[in-house]
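Peer 1: Quick one: structure below, then a few questions.
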Ligand SMILES: C[S@@+](CC[C@H](N)C(=O)[O-])C[C@H]1O[C@@H](n2cnc3c(N)ncnc32)[C@H](O)[C@@H]1O
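In the working numbering, the protein residues as written are 98 to 330.
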């Protein structure tokens, strides 16, 4: 098995069992960036094509910008798993406060140096384990798709603290069995023909309403990237 496919599991098997032992998520995500497993070998940190391809990024930014402009007074936003911030930097001007959070320390250090904008701050946290800052709205863009169900559940429980959740997930084309479990890391549920649906079991997130803001079809068997806004109770 190549390194690319094996990075999220430790070499040694859990003692006495045949189960592979997952890496801690922080180590797995740090290695994804160190080895450019999401591409972008020319750049220091690269969060993947989903964060850079103009055909994916531009309509997303347009949809989000239009949504943020609906508010008479700009709202505050907490970006969970902000990555290399190619997306977030384009949304900051439409908010009154923006907090970017990521688990990878060196990435947050780089973001702090690279993006100095009034009202913008970065924090290094594991969003599944830490308390999260107050804000009107949470953005979770192509993050949960990389996390195990245990971690998705931990994040999901914190979402009711916000008025709005803008969730972007890469899911299979057409019907699929939601929320099959994976080991946290580079990969997503698409290889299991599954994807995240927070409203379905085992998460059963309770929301007031749902609106689809954006959808891009990547082609047969490549899945779709969908963005929904959930209004919370
Ligand atoms: C595919 S990237 C998406 C980045 C960004 N949201 C975007 O759309 O451009 C996923 C990001 O989530 C971060 N991440 C994964 N698990 C996390 C966790 N438990 N806590 C905080 N950040 C996490 C990764 O380090 C990575 O930067």
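All C-beta atoms, glycine included, are put in the ideal place defined by N, C-alpha and C. Every value quoted in this text rests on a predicted model; they were computed, and no experiment measured them.
(1) May I ask whether a heavy atom of ligand 1 can be found less than 8 Å away from the beta carbon of residue 348?
(2) By the three-class DSSP mapping on this structure, what secondary structure does residue 118 have?
(3) How many Å lie between residue 164 and residue 233 at the Cα?
(4) For the pair the region 146-156 and the region 217-227, tell me if three or more CB-CB distances fall below 8 Å.
(5) Measure from the alpha carbon of residue 257 to the alpha carbon of each residue in 130, 267, 243, 330, then state which is nearest.
(6) Verify the contact flag: residue 243, CB atom, against every heavy atom of ligand 1, threshold strictly below 8 Å.
(7) Relative to the C-alpha of residue 295, which candidate in 207, 269, 131, 264 has its C-alpha closest?
(8) Using the Cβ count rule (16 or more neighbours within 10 Å means buried), how would you classify residue 297?
(9) What first and last residue would you give for the alpha helix (DSSP H) that runs through residue 204?
(10) Going along the chain, which residues of its own chain have a beta-carbon closer than 7 Å to the beta-carbon of residue 182, five neighbours each way excluded?
Peer 2: According to the data block:
(1) Only positions 98 to 330 of the chain appear in the structure, and residue 348 is not among them; the question remains open.
(2) Looking at residue 118 - three-state DSSP - the assignment turns out to be strand.
(3) When rounded, the distance between both Cα atoms is 13 Å.
(4) Contact between the region 146-156 and the region 217-227 is absent, because fewer than three Cβ pairs lie under 8 Å.
(5) Just measuring C-alpha positions, the residue of 130, 267, 243, 330 sitting nearest residue 257 is 330.
(6) A distance criterion of 8 Å places the beta-carbon of residue 243 in contact range of ligand 1, judged by its closest non-hydrogen atom.
(7) Ranking 207, 269, 131, 264 by Cα distance to residue 295 puts 264 first.
(8) Classification for residue 297: exposed.
(9) Segment 202-211, the alpha helix (DSSP H) holding residue 204.
(10) So the qualifying residues of the chain are 197, 208, 212.
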